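Input: a single structure, listed below in structure tokens.
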Amino acid sequence: MKVLVTGAGGFLGRSVVRAAAGAGHHVVAMHRPASLPDPASLPAGVEILPGDLRQPGRWAEHLSGIEAVIHCAAAASGNLPTQLAGTVVATENLLAALPESLKRFVHVSSLSVYDFSAPRWHGCLDEDTPLESRPLRRDAYTQTKLQQEAMVRAHCAGRPIGLVVVRPGAIYGPGKDWDFGRAMRIGRFDLIFAPLSPMRLTHVGNCADAIVAALAVAPAGETIVNLIDDEQPSHWAYHRLARRAGLPAGIGIGVPYLAVRALGLLARLASRLGFAGKARLPELLDLPRQEVRWRPLRYPNARARQALGWSPAVSLREGVAGLAAAQQAQAELPESGEPIRA
Amino acid sequence: MSAARPGDPLRAAVIGCGAIAYEHLPWLAATPQARLVALCDQSPALAQAARDHFGAGSIHVDAAAMLAEVKPDIVHVLTPPHTHDQLVRLALAAGAHVVCEKPMCGTAAETAALLDLARETGRSLIESRNLLFNDAILAIRGAIAEGRLGDVRSCDIVLHLDFLQGPFGDLNLDGPAVRVPAGAIHDFLPHLVYLFAELTGSTQIDAVHGSLENRSGNRRAGFDFLDVLVAAGAVRGRLRIATDVQPERFRLSVGGSRATVETDLYNPYLRFEGAPDVGKRAPLGQLRSGLAMARAGLTNLWDKVGQHGTMHGMPRMLDAVYSALRGGTALPITPDQILTTARMVDRIVALGDRA
Numbered sequence: 000m001k002v003l004v005t006g007a008g009g010f011l012g013r014s015v016v017r018a019a020a021g022a023g024h025h026v027v028a029m030h031r032p033a034s035l036p037d038p039a040s041l042p043a044g045v046e047i048l049p050g051d052l053r054q055p056g057r058w059a060e061h062l063s064g065i066e067a068v069i070h071c072a073a074a075a076s077g078n079l080p081t082q083l084a085g086t087v088v089a090t091e092n093l094l095a096a097l098p099e100s101l102k103r104f105v106h107v108s109s110l111s112v113y114d115f116s117a118p119r120w121h122g123c124l125d126e127d128t129p130l131e132s133r134p135l136r137r138d139a140y141t142q143t144k145l146q147q148e149a150m151v152r153a154h155c156a157g158r159p160i161g162l163v164v165v166r167p168g169a170i171y172g173p174g175k176d177w178d179f180g181r182a183m184r185i186g187r188f189d190l191i192f193a194p195l196s197p198m199r200l201t202h203v204g205n206c207a208d209a210i211v212a213a214l215a216v217a218p219a220g221e222t223i224v225n226l227i228d229d230e231q232p233s234h235w236a237y238h239r240l241a242r243r244a245g246l247p248a249g250i251g252i253g254v255p256y257l258a259v260r261a262l263g264l265l266a267r268l269a270s271r272l273g274f275a276g277k278a279r280l281p282e283l284l285d286l287p288r289q290e291v292r293w294r295p296l297r298y299p300n301a302r303a304r305q306a307l308g309w310s311p312a313v314s315l316r317e318g319v320a321g322l323a324a325a326q327q328a329q330a331e332l333p334e335s336g337e338p339i340r341a
Numbered sequence: 000m001s002a003a004r005p006g007d008p009l010r011a012a013v014i015g016c017g018a019i020a021y022e023h024l025p026w027l028a029a030t031p032q033a034r035l036v037a038l039c040d041q042s043p044a045l046a047q048a049a050r051d052h053f054g055a056g057s058i059h060v061d062a063a064a065m066l067a068e069v070k071p072d073i074v075h076v077l078t079p080p081h082t083h084d085q086l087v088r089l090a091l092a093a094g095a096h097v098v099c100e101k102p103m104c105g106t107a108a109e110t111a112a113l114l115d116l117a118r119e120t121g122r123s124l125i126e127s128r129n130l131l132f133n134d135a136i137l138a139i140r141g142a143i144a145e146g147r148l149g150d151v152r153s154c155d156i157v158l159h160l161d162f163l164q165g166p167f168g169d170l171n172l173d174g175p176a177v178r179v180p181a182g183a184i185h186d187f188l189p190h191l192v193y194l195f196a197e198l199t200g201s202t203q204i205d206a207v208h209g210s211l212e213n214r215s216g217n218r219r220a221g222f223d224f225l226d227v228l229v230a231a232g233a234v235r236g237r238l239r240i241a242t243d244v245q246p247e248r249f250r251l252s253v254g255g256s257r258a259t260v261e262t263d264l265y266n267p268y269l270r271f272e273g274a275p276d277v278g279k280r281a282p283l284g285q286l287r288s289g290l291a292m293a294r295a296g297l298t299n300l301w302d303k304v305g306q307h308g309t310m311h312g313m314p315r316m317l318d319a320v321y322s323a324l325r326g327g328t329a330l331p332i333t334p335d336q337i338l339t340t341a342r343m344v345d346r347i348v349a350l351g352d353r354a
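In the order they appear, the protein sequences are chains V and H.
For the first sequence, numbering that gives the first Met the number 0 puts the final residue at 341, and the numbers step up evenly by one.
For the second sequence, numbering that gives the first Met the number 0 puts the final residue at 354, and the numbers step up evenly by one.
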């Protein structure tokens with residue numbers, strides 16, 4: 000299948016390109032022009048398409064014959080206008096350029112689109128959990144990912160395109176470690192908020208495998224799956240694993256979830272009394288965002304396993320070992336980027 | 000234009016729903032002076048995002064069609080500078096007042112033509128100059144008006160901002176970032192020039208020495224460095240914009256025959272130096288300045304938490320503009336001031352012809 004991968008130079012996109020090529024697909028990997036990869040570094044069957052989705056451009060002339068798209072491109076950071084450009088406008092331009100030949104759309108959404116306050120205490124957050132109905136109380140990432148997903152679903156609904164929306168949890172792997180579960184570092188100590196709450200991790204390789212498996216789902220209608228690995232360590236357990244693997248995690252100090260919420264309530268009170276409710280609070284102190292990151296919930300992956308025929312190949316222990324190996328390799332690189340020769 | 004009765008809110012439309020719209024829209028969505036009736040952008044998704052965020056306004060992608068359908072009393076033109084001329088003309092022709100982001104045009108001649116058109120149509124055309132309404136600038140203007148500085152003789156304004164890290168320097172994107180003669184510098188220069196003009200009372204530049212350059216080699220930015228000495232009557236000043244100096248600052252110093260005052264618009268403080276704390280009493284002045292700096296540090300922390308940032312003059316400016324339009328009183332930003340700024344900018348941008 001001829002597959003367009005957007006955001007191919009990103010953390011997830013790079014793994015998706017390799018997994019799709021490994022599965023025998025003809026991959027058209029869209030990279031931003033200022034950071035094109037060395038073609039020799041890519042697997043066989045991968046064609047590089049330079050282009051930036053934030054602007055309509057000549058890239059749109061190279062999409063003929065595309066049968067499937069895996070849409071990884073999004074802005075994961077920056078202020079709201081930056082994320083609107085990188086996520087919403089980028090998706091709008093992509094949708095406008097897609098060819099009639101398109102049969103399959105795999106959209107990489109996020110678990111952040113859900114309303115994390117909806118499940119009961121220690122309940123399940125799954126595909127039936129309602130989406131966030133008050134996006135403005137959440138951050139720019141959630142607001143733009145919600146709008147992006149709605150645009151993709153509306154586009155595919157009126158066309159003979161099979162849509163699979165994947166909503167990954169916290170994707171980790173070499174280059175992204177989620178601070179080993181800590182909320183904050185103070186000297187040698189790591190504050191670990193809600194130490195017993197599960198972290199909903201998914202290894203980047205497992206996530207890429209699931210996304211490529213989505214290309215094989217029966218091409219009709221819409222399928223939505225959450226992607227979380229089988230092993231769901233608590234923040235404390237993930238931190239301990241990382242520390243034992245030699246990663247630069249400090250001495251953990253747990254802060255119970257209820258204490259975190261109490262801090263959030265105090266911050267909200269201070270905001271109302273001192274700033275008419277308009278204080279800019281960090282995630283650590285903002286009640287709605289506290290719920291998203293630290294509320295004790297369970298994250299079943301049965302639907303992904305069933306619908307995609309997927310099972311995570313990389314275990315948590317292997318994933319953390321991979322983080323440590325990457326850290327070691329990075330430490331051995333001199334400033335020039337050349338490996339040290341013995 | 001619909002017949003707005005005195006006291007009614009003005010029916011406002013926004014053209015352009017990008018980053019700067021998020022500085023106008025909070026005020027438009029909240030003020031009793033306006034009713035937000037339309038959001039227009041070539042990108043329906045951006046218009047929809049603004050609608051979702053501010054909860055008002057119909058969504059449009061074609062400005063002319065929006066103006067014909069909605070008939071707003073006032074239009075905010077918040078698109079890239081090279082599109083302003085056409086959109087301002089459309090809005091004035093539709094009978095609307097216009098608030099246009101700076102730079103309104105690439106040259107003074109184009110600015111003059113739009114102001115002429117506004118006069119002919121009997122509508123008001125205002126170019127945004129929000130920094131004039133910031134706390135520190137209001138305080139300095141107050142001090143000048145009270146005569147605390149004496150006769151103003153100098154005004155130095157330094158903007159150190161690495162705008163190349165944003166869309167202005169993003170080489171993934173095609174084309175020049177800002178399609179006006181001085182490129183990215185042109186997007187910031189009006190701020191420096193209107194501050195210089197207002198704080199010194201200057202109405203023209205007699206001489207300019209210095210350089211307007213592209214130092215980074217970034218092709219998208221156009222010009223990214225400006226450093227000029229300006230002579231305007233008895234006043235001398237330095238205007239500087241650089242991307243390669245840290246930390247980022249927007250420092251401004253106004254010197255007069257009696258005293259000098261200094262501030263920074265990114266981390267505001269006010270430092271007065273002058274009589275009676277001069278000569279042997281100078282250390283007292285320094286102590287006073289130190290205390291004022293410490294107070295400013297605490298205030299700035301408080302303001303950052305409370306989101307009282309560099310753009311806090313924007314709602315005040317819009318409030319003053321709408322009050323004047325609704326009350327039929329003098330506008331806080333006049334056509335003469337707009338044209339003066341544009342002509343001064345022209346003089347400085349002409350340095351680029353020699354680059």
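The beta-carbon is built from N, C-alpha and C at its ideal position, and this holds for glycine as well.
In this text, all values refer to a predicted model and were calculated from it rather than measured experimentally.
Item	Value
Residue nearest to P102/H in terms of C-alpha spacing, selected from D263/H, I184/H and D51/H	I184/H
Against chain V: residues of the segment 120–146 of chain H by CB proximity under 8 Å	none
Beta-ladder partner(s) of N225/V, from DSSP	R166/V
Complete runs of the alpha helix (DSSP H) confined to the segment 227–312 of chain V [at least 4 residues]	234–243, 256–274, 286–293 and 301–307
Opening and closing residue of the beta strand (DSSP E) in which H202/V lies	L200 to H202
Short Cβ contact (9 Å threshold) for A193/V with P295/V	yes
Cβ shell of E281/V (< 6 Å), same chain only, five flanking positions each side left out	With the sequence shown as reference, residue 281/V is identified as Pro, and Glu is not the correct amino acid for it. Excluding residues within five positions, none has a Cβ falling inside 6 Å.
Nearest-angstrom beta carbon gap, L9/H and I371/H [assumed within contact, 8 Å]	With chain H represented from 0 up to 354, any question about residue 371/H goes unanswered, as that position is not in the structure.
Separation of W26/H from Y321/H, as counted between CA atoms	11 Å
Cβ-Cβ distance between H61/V and L93/V below 9 Å	no
9 Å Cβ cutoff met for V192/H and R248/H	no
DSSP three-state assignment for T328/H, whether helix, strand or coil	coil
Nearest-angstrom Cα separation, counted from F162/H out to R219/H	12 Å
Residues in the segment 14–25 of chain H having any Cβ partner in chain V nearer than 9 Å	C16, G17, A18, I19, A20 and Y21
Beta carbon proximity, Q327/V to chain H, threshold 9 Å	no
Straight-line gap, P118/V to D127/V (C-alpha atoms, nearest Å)	10 Å
Contact list for S42/H against chain V, beta-carbon separation under 7 Å	V88 and E91
Sheet register partners of L94/V (DSSP bridge)	None, per the DSSP bridge assignment.
Straight-line gap, A67/H to D7/H (C-alpha atoms, nearest Å)	21 Å
T328/H, buried or exposed, once every other Cβ within 10 Å from all chains shown has been counted against 16	exposed
Per-residue burial, V60/H [other beta carbons within 10 Å of its own, 16 or more giving buried]	exposed
Buried versus exposed, by CB contacts within 10 Å (16 or more), L124/V	buried
Backbone CA spacing between P79/H and R178/H [nearest angstrom]	8 Å
Cα-Cα separation between L307/V and C99/H, rounded to whole angstroms	52 Å
Members of the segment 67–82 of chain H that neighbour chain V once the beta carbon cut-off is set at 7 Å	none
Residue environment, R13/V, which counts as buried when at least 16 other CB atoms sit within 10 Å	buried
Through-space distance from G351/H to A181/H, alpha-carbon basis	7 Å
C-alpha distance - A142/H paired with G305/H, whole-angstrom precision	27 Å
3-residue-minimum beta strand (DSSP E) runs that sit fully inside the segment 53–121 of chain H, ordered along the chain	57–59, 73–76 and 96–99
Reduced DSSP secondary structure (H/G/I, E/B, other) of E111/V	In the sequence as presented, Glu is not what sits at residue 111/V; that position holds Ser. Of the three classes helix, strand and coil, the one that applies to S111/V here is helix, per DSSP.
Rounded C-alpha distance that separates E337/V from L35/V	Here the model assigns E337/V a pLDDT of 49, short of 50, so the residue's position is not dependable and the matter cannot be decided.
Length at least 3, wholly inside the segment 246–271 of chain H: the beta strand (DSSP E) runs in chain order	248–255 and 258–263
Boundaries (first-last residue) of the beta strand (DSSP E) holding L124/H	L124 to E126
Coarse secondary structure for K102/V, derived from DSSP in three states	coil
Pairwise C-alpha distance: P80/V and T110/H	28 Å
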